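*Asks:* Here you go, one structure.
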Ligand SMILES: C[S@@+](CC[C@H](N)C(=O)[O-])C[C@H]1O[C@@H](n2cnc3c(N)ncnc32)[C@H](O)[C@@H]1O
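Below, the structure written as structure tokens:
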């Protein structure tokens with residue numbers, strides 16, 4: 050990584066406790082200096098500014114449109130998800146879907162499938178709904194709910210995606226276990242998540258630089274001023290990452306969480322200028338189905354002598 054992230058704390062993948070020893074993200078923690086109780090009786094953790102997703106929503110797509118790394122991620126997402134070929138009529142789900150840049154991509158890729166766009170923020174969802182209507186997409190369901198209050202029947206979806214969202218969920222490992230249950234055997238997962246603390250100053254310079262090259266200095270300054278509300282939320286996100294309230298992970302830890310949930314990881318890469326980890330995985334097919342699929346590929350004479358599964 051080219052100095053994009055600033056490790057504020059020694060490499061910790063595990064978040065510190067809000068109260069000494071209280072588990073965060075499902076794992077016990079040793080108290081963190083920042084959890085010391087302040088004069089106002091709150092811990093530094095509690096005093097952290099909440100990420101204002103409503104405020105972020107107003108400029109989210111403006112920043113995304115001028116962030117080349119984000120546009121690369123959208124292209125990579127389409128390339129990977131475009132290889133899935135879910136059975137027509139099946140459901141796909143994008144969780145923490147925000148303004149819809151990935152859920153709408155799924156809906157465009159698979160017009161015969163229903164895409165569930167799940168996000169806890171009504172402002173983000175309203176923007177996604179508006180974009181879906183503008184693109185005349187009718188195969189997308191926008192759902193406003195907290196991820197912990199969102200449930201699907203086991204084995205009922207053909208694919209789940211989560212881009213830059215798991216880190217903000219209270220229990221990301223629990224969500225990965227749940228999405229594994231939602232998947233039908235053979236179902237697909239694409240998850241991309243920032244595992245390192247964002248160096249928001251460096252990112253702002255990167256996006257500003259790219260915007261100057263594309264639109265010139267004057268326009269870049271105007272766009273920068275309009276985007277300030279979003280850049281402020283990025284700082285809040287980095288503060289929460291540093292304080293351990295948002296999930297941090299290495300690529301191996303991220304891959305491990307999907308493996309632990311019983312999924313077969315087929316791709317695990319660092320992406321998004323070194324800040325994010327991307328995993329592509331699949332829910333294993335039951336032995337019989339795998340055997341049938343294998344048989345199907347054989348020549349008729351070979352099928353006649355093929356061994357049966359144990
Ligand atoms: C950084 S945005 C990512 C949006 C989109 N996936 C993208 O990459 O453009 C994170 C999204 O997660 C949503 N989110 C955060 N915590 C959530 C929760 N507990 N339940 C549901 N959605 C949540 C926020 O509202 C926000 O839209």
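Numbering (the numbering used here), first residue to last: 50 to 359.
Ideal placement from N, C-alpha and C gives every residue a C-beta, glycine not left out.
Since the structure is predicted, the reported quantities are computational estimates derived from the model, not experimental observations.
Run through DSSP, which three-state label would residue 107 get?
*Replies:* Of the three classes helix, strand and coil, the one that applies to residue 107 here is helix, per DSSP.
*Asks:* Would you check if the stretch 195-206 and the stretch 153-169 touch, i.e. whether three or more CB-CB distances between them fall below 8 Å?
*Replies:* Segments in contact, yes.
*Asks:* Terminal residues of the continuous beta strand (DSSP E) containing residue 325?
*Replies:* Counting along the chain, the beta strand (DSSP E) containing residue 325 begins and ends at 325-331.
*Asks:* Going by beta carbon distance, what residues of the same chain come within less than 7 Å of residue 103, once the five residues before and after it are set aside?
*Replies:* Answer for residue 103: 170 and 172, listed in chain order.
*Asks:* State the beta-bridge partners of residue 191 as determined by DSSP.
*Replies:* BP columns for residue 191 point to 166.
*Asks:* Are the Cβ atoms of residue 192 and residue 310 separated by less than 8 Å?
*Replies:* Cβ distance not < 8 Å, so residue 192 and residue 310 don't count as in contact.
*Asks:* Sorted by chain position, which residues of the same chain lie with C-beta nearer than 7 Å to residue 117's C-beta, five sequence neighbours on each side aside?
*Replies:* If we look at residue 117 and ignore the five residues flanking it on each side, its Cβ neighbours are 259.
*Asks:* Opposite residue 243 in the DSSP bridges: which residues?
*Replies:* Paired residue(s): 325.
*Asks:* Which residues in the same chain as residue 160 place their Cβ atom closer than 7 Å to its Cβ, once the five residues preceding and following it in sequence are excluded?
*Replies:* Closer than 7 Å at Cβ, skipping near neighbours: 188.
*Asks:* In chain order, what residues of the same chain lie with their CB nearer than 7 Å to the CB of residue 74, ignoring the 5 residues before and after it?
*Replies:* Its pLDDT being 44, under 50, residue 74 is placed unreliably by the model, and the measurement read from it follows with that caveat. Cβ within range, chain order: 64, 220, 221, 222 and 296.
*Asks:* Check for me: the alpha helix (DSSP H) holding residue 208 runs from which residue to which?
*Replies:* Careful: residue 208 lies outside any alpha helix (DSSP H), inside the beta strand (DSSP E) at 206-212.
*Asks:* Please classify residue 174 as buried or exposed, where buried requires at least 16 other C-beta atoms within 10 Å of its C-beta.
*Replies:* When all chains shown are included, residue 174 counts as buried.
*Asks:* Considering Cα atoms alone, identify which of 332, 185 and 314 is closest to residue 326.
*Replies:* Nearest of 332, 185 and 314 to residue 326, Cα basis: 314.
*Asks:* Which residues in the same chain have their Cβ closer than 6 Å to the Cβ of residue 316, if we skip the five residues on either side of it in sequence?
*Replies:* Excluding sequence neighbours, residue 316 sits near 329.
*Asks:* What are the boundary residues of the beta strand (DSSP E) that includes residue 143?
*Replies:* Counting along the chain, the beta strand (DSSP E) containing residue 143 begins and ends at 140-144.
*Asks:* Can you confirm whether the stretch 180-187 touches the stretch 117-135 when touching is taken to mean that 3 or more C-beta pairs between the two stretches lie within less than 8 Å?
*Replies:* Contact between the stretch 117-135 and the stretch 180-187 is absent, because fewer than three Cβ pairs lie under 8 Å.
*Asks:* Assuming residue 155 and residue 210 make a contact with CB atoms under 8 Å, what is their CB distance in whole Å?
*Replies:* With a Cβ gap of about 7 Å, residue 155 and residue 210 count as contacting.
*Asks:* Is the beta carbon of residue 303 within less than 7 Å of some heavy atom of ligand 1?
*Replies:* Residue 303: no, Cβ never under 7 Å from ligand 1.
*Asks:* Beta-carbon separation of residue 146 and residue 152 under 8 Å?
*Replies:* Against a cut-off of 8 Å, the Cβ pair of residue 152 and residue 146 comes out as a contact.
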